[in-house]
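A.B. asks:
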Amino acid sequence: MLRISFFRLAGPLAFPILMLWGSTRAQSADFQQQVNPFRVADLDGTVWVQPFTGGTNAPTLQLVDIDNDGDPDLFVQDRADQLTFYRNDGTPTQYQFNWQTDFFADLATGAWFKFIDMDGDGDFDLFAENPFSLIRYYRNTGSPENPSFEVAVDTLRDTAGNLIEVDGFSVPDWADIDCNGTIDLFLGRTTGFVTYYQGLGLDGQNNPLFTFVTNSFEDINVQTGGGL
1 MLRISFFRLA
11 GPLAFPILML
21 WGSTRAQSAD
31 FQQQVNPFRV
41 ADLDGTVWVQ
51 PFTGGTNAPT
61 LQLVDIDNDG
71 DPDLFVQDRA
81 DQLTFYRNDG
91 TPTQYQFNWQ
101 TDFFADLATG
111 AWFKFIDMDG
121 DGDFDLFAEN
131 PFSLIRYYRN
141 TGSPENPSFE
151 VAVDTLRDTA
161 GNLIEVDGFS
171 VPDWADIDCN
181 GTIDLFLGRT
191 TGFVTYYQGL
201 GLDGQNNPLF
211 TFVTNSFEDI
221 NVQTGGGL
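In the working numbering, the protein residues as written are 1 to 228.
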């Protein structure tokens, strides 16, 4: 039992004192496990079967028609080396994504991934992180309908032989920015600037070639946070 006593000291420095005292023995209690004690539903009233199984933290997403059936499929990565594949069983305008696997083709993708037809043969190749903060290139040796990936370049370097390094929490991107028919490479930096590597096409082994141009592409500087 817990008891409370309150009294005031006498004298010129008098001040009140509050005391709590009693038994420190733990009180017994009975607990009973209840599984799914209440319903969880969305705004339409649809009940979620497993509402507390978790979610995503900082997912990387890409829509890619990986099976060449005319509609985009969905790839999601939120954990290292876990590339989740949702096949689109709908249409190009009415998506219906159905989960297929959390480990697409058993590929080691590190912290990020990016599909692109790098060699221009009509199917999607893949870039991914080679830990830590480097780039691995997978060539698609299958077909547009049945992809098959093999490591073509384990650690990507530029034409000067230097490692191409990616800053943490950054996902590279590829685009033909100069419209010369070859794919260029862009890296976002933690400083807010953008590093630009010009694509020079493919080497004799059909692997991509990139040459460093600048660490400050078009003087773009992206900043977040802060205040006036």
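Glycine is no exception: its CB is placed at the ideal position from the N, C-alpha and C atoms. Nothing here was measured: the structure is a model prediction, and the numbers come from that model.
1) Taking buried to mean at least 16 other C-beta atoms within 10 Å of its own C-beta, is Asn57 buried or exposed?
2) Take Ile164 as the anchor and find which of Glu145, Asn146, Asp184, Ser148 has the nearest alpha-carbon.
3) How should Leu156 be labelled, buried or exposed, when 16 other C-beta atoms within 10 angstroms of its C-beta is the threshold for buried?
4) In the structure shown, what three-state DSSP assignment does Phe104 receive?
5) Pro59 lies in the beta strand (DSSP E); which residues open and close that run?
6) Measure the CB-CB distance between Phe193 and Ser170 and report whether it falls below 8 Å.
7) For chain C, is any of its Cβ atoms less than 8 Å away from the one on Asp69?
8) Taking the alpha carbon of Glu150 as the point to measure from, which residue in Gly161, Phe127, Asn162 has its own alpha carbon closest?
9) Between Gln198, Thr190, Asp219, which lies nearest to Trp174 when the distance is taken from Cα to Cα?
10) Following the continuous beta strand (DSSP E) through Glu218, name the residue where it begins and the one where it ends.
11) Looking only at C-alpha atoms, which of Pro131, Pro144, Arg189, Ile135 sits nearest to Pro208?
12) Are there 16 or more other CB atoms within 10 angstroms of the CB of Leu228, so buried, or fewer, so exposed?
13) Touching or not, the region 83-93 and the region 64-74, by the rule of three or more beta carbon pairs under 8 Å?
C.D. replies: The structure says:
1) exposed
2) Asp184
3) That one is buried.
4) helix
5) Here Pro59 belongs to no beta strand (DSSP E), and DSSP marks it neither H nor E.
6) no
7) The chain inventory of the structure shown lacks chain C, comprising one protein chain alone.
8) The residue with the shortest Cα to Cα distance from Glu150 is Phe127.
9) Gln198
10) First-last for Glu218: undefined, no H or E at that position.
11) Ranking Pro131, Pro144, Arg189, Ile135 by Cα distance to Pro208 puts Ile135 first.
12) Low confidence applies here, because Leu228 scores a pLDDT of 44, under 50, leaving its location unreliable and the question unanswered by this model.
13) yes
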